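Written out as structure tokens, the structure reads:
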């Protein structure tokens, strides 16, 4: 049984894809492949975030577990920020202030 309502999942995905497309790509490049050329968040649940991405001629999916367990909507942002910070560290990119 999903822990988050469909409207919550949709709102998070819309926010990430409309307001943070570059963060989606950064996360995929850090956790999947540096060859990714496009990425969108496609799902979110209590276990992690999922991104669909393009690399070369292929489309693939990546699910990254949250660094810490979550049970509430407000914790989703905290965990996406943690993934973003880890991605920046892995890629040697200066993170922007949160």
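Residue numbers (the working numbering): 143 to 240. Cβ coordinates follow ideal geometry from the N, Cα and C atoms, glycine included. Every value quoted in this text rests on a predicted model; they were computed, and no experiment measured them.
### Query
In terms of residue numbering, what span does the beta strand (DSSP E) encompassing residue 207 cover?
200-207
### Query
Under three-state DSSP, which class holds residue 185?
strand
### Beta-carbon proximity of residue 227 to residue 237, cut-off 7 Å
yes
#### Entry: Coarse secondary structure for residue 217, derived from DSSP in three states
helix
### Task
Would you please verify whether the beta carbon of residue 173 is less than 7 Å from any beta carbon of chain B?
Looking at the structure shown, chain B is missing, and only one protein chain is on hand.
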